[in-house]
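Chains as they are written, first to last, in our numbering: chain A, 1 to 153; chain B, 154 to 306. Working notes for the structure below.
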DNA sequence: AAATTATATAGAAAAATATTCTTTTATTAT
DNA sequence: ATAATAAAAGAATATTTTTCTATATAATTT
């Protein structure tokens, strides 16, 4: 789908705050409410707008410990890879799992309550998945920036 | 703020789909629309619900290349650290910046159009920030999982 | 170039939802 | 038990979303 400058401006706004009313968006972009409505519907139908989510404060919900976890598989046969990816995606503590280039095969973002919960997670959940060769964890000391928005220019 | 099981169930639902109507949420949780409305307002006012955002398909908007980028600072004096963090947070290509434990100081998530755009970003934007010692980049081959939701049980 | 088709926009009307208000119910403390 | 507090339900109101109709704009065909 082709995105014109208005679509991009609209997406930028919705990525910052998806609860703005069409009226507010219409005012900002100097268009009618209907025009905004139709454009959003089109962006939704074409899969440009994938989903709308609420973001929760990690501290307040007592999940204030994040770690990035490198994982190397013991073997790389297709079946093992598929199995590993399926299992790891199921774990709610794993917010992200990326297959990456470099020394390790995967990079995971893990969010839990505290260091103790992380240890618990490693011992009982992650490393109990079959075919994991080795792991290497980095702990988040401070979150400098954490956004979901892509700048569309 | 104390979260009871209904609050947690509500947060889990809103983290998956924040566009559900209060009516739909009320039906799922077997409560009245008003009860849902009041709870959401309270969660917003107490900072539990931080913001509502639209998620955009990276492929469709032509930003289908992600990299994780390790950064080591040349010096760690307070001023340099503050300056670096401020500068890097400004870059729209940097969706995340975490101060982490381990061999490197920071881990960045960078999202751009393609490898060429990444090179451009590294040369002209990232490494032009003062006080960067060294960098090490890992490219995302495949995104196995990418979620923003914390499971509240 | 004129006519035609498709596409986007605007404004008004209708439908659905969010929000407020009042009453009721449940919970907690005295 | 009784009073005070907080949460919930239902009805009333205000907003918003969505649909509908009309108009303008752009692209396409003849």
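Glycine included, C-beta positions come from ideal geometry on N, C-alpha and C.
Original post:
What residues from the region 67 to 90 of chain A come within 8 Å of chain B, judged by C-beta to C-beta, listed N to C?
Top reply: 68, 85, 88 and 89
Original post:
Helix, strand or coil: which one does DSSP assign to residue 174 of chain B?
Top reply: coil
Original post:
Do three or more CB pairs link the region 36 to 48 of chain A to the region 9 to 17 of chain A at distances below 8 Å?
Top reply: yes
Original post:
Of all the options B:287, B:300, B:282 and B:177, which has the alpha carbon lying nearest to the alpha carbon of residue 88 of chain A?
Top reply: B:300
Original post:
Touch check for the region 72 to 85 of chain A and the region 265 to 277 of chain B: three-plus C-beta pairs under 8 Å?
Top reply: no
**OP:** List the residues of chain B whose Cβ lies closer than 9 Å to the Cβ of residue 139 of chain A, in chain order.
**Re:** 253, 254 and 255
Subject >> Residue ranges of each alpha helix (DSSP H) within the region 253 to 292 of chain B, 4 or longer >> reply: 268 to 277
Subject >> Three-way DSSP call (helix, strand, coil) for residue 195 of chain B in this model >> reply: helix
Subject >> 9 Å Cβ cutoff, residue 211 of chain B in contact with chain A >> reply: yes
Original post:
Is there at least one Cβ from chain A nearer than 9 Å to residue 279 of chain B's Cβ?
Top reply: no
Subject >> Simplified DSSP assignment, three categories, for residue 165 of chain B >> reply: helix
Original post:
Can you list, in chain order, the residues of its chain whose CB lies under 7 Å from that of residue 251 of chain B, leaving out five sequence neighbours each side?
Top reply: 259 and 260
Original post:
Any C-beta of chain B sitting closer than 9 Å to the C-beta of residue 155 of chain A?
Top reply: Since the first residue shown for chain A is 1 and the last is 153, residue 155 of chain A is missing from the structure and cannot be characterised.
**OP:** Measure the alpha-carbon distance for residue 61 of chain A versus residue 158 of chain B and round it to whole angstroms.
**Re:** 12 Å
Original post:
So with Cβ pairs under 9 Å, would you call residue 171 of chain B a contact of chain A?
Top reply: yes
Subject >> Spatial distance of residue 278 of chain B from residue 78 of chain A (CA atoms) >> reply: 38 Å
Subject >> Close Cβ partners of residue 152 of chain A (< 6 Å) along its chain, the five nearest in sequence each way excluded >> reply: 8, 11 and 12
Original post:
For residue 181 of chain B, does the count of other Cβ atoms within 10 angstroms reach 16, so buried, or fall short, so exposed?
Top reply: exposed
**OP:** Between the Cα of residue 129 of chain A and those of A:22, A:139, A:140 and A:91, spot the shortest distance and give me the residue it belongs to.
**Re:** A:91
**OP:** State yes or no: is the beta carbon of residue 1 of chain A nearer than 9 Å to at least one beta carbon in chain B?
**Re:** yes
Original post:
Considering residue 203 of chain B, what are the terminal residues of the beta strand (DSSP E) in which it resides?
Top reply: 202 to 209
Original post:
Checking contacts by CB at 9 Å: is residue 148 of chain A closer than that to chain B?
Top reply: yes
Subject >> Range of the contiguous beta strand (DSSP E) that encloses residue 67 of chain A >> reply: 65 to 73
Subject >> residue 133 of chain A versus residue 95 of chain A - alpha carbon distance >> reply: 21 Å
**OP:** Could you name the residues of the same chain whose beta carbon sits closer than 8 Å to that of residue 192 of chain B, not counting the 5 residues immediately before and after it, in chain order?
**Re:** 159, 160 and 163
**OP:** Could you tell me which chain A residues have their CB closer than 7 Å to the CB of residue 245 of chain B, listed as they occur along the chain?
**Re:** 151
Subject >> CB of residue 101 of chain A within 9 Å of CB of residue 294 of chain B, strictly >> reply: yes
**OP:** Grab me the residues of residue 179 of chain B's own chain with a C-beta within less than 8 Å of its C-beta, minus the 5 sequence neighbours each way, in chain order.
**Re:** 185, 186, 188 and 189
Subject >> Backbone CA spacing between residue 18 of chain A and residue 143 of chain A [nearest angstrom] >> reply: 23 Å
**OP:** Return the CA-CA distance between residue 203 of chain B and residue 114 of chain A, expressed in angstroms with no decimal places.
**Re:** 21 Å
Original post:
Where residue 110 of chain A and residue 63 of chain A are concerned, what is the direct C-alpha to C-alpha distance, given to the nearest angstrom?
Top reply: 10 Å
Subject >> Candidates A:112, A:117 and A:48: closest to residue 2 of chain A by CA position >> reply: A:48
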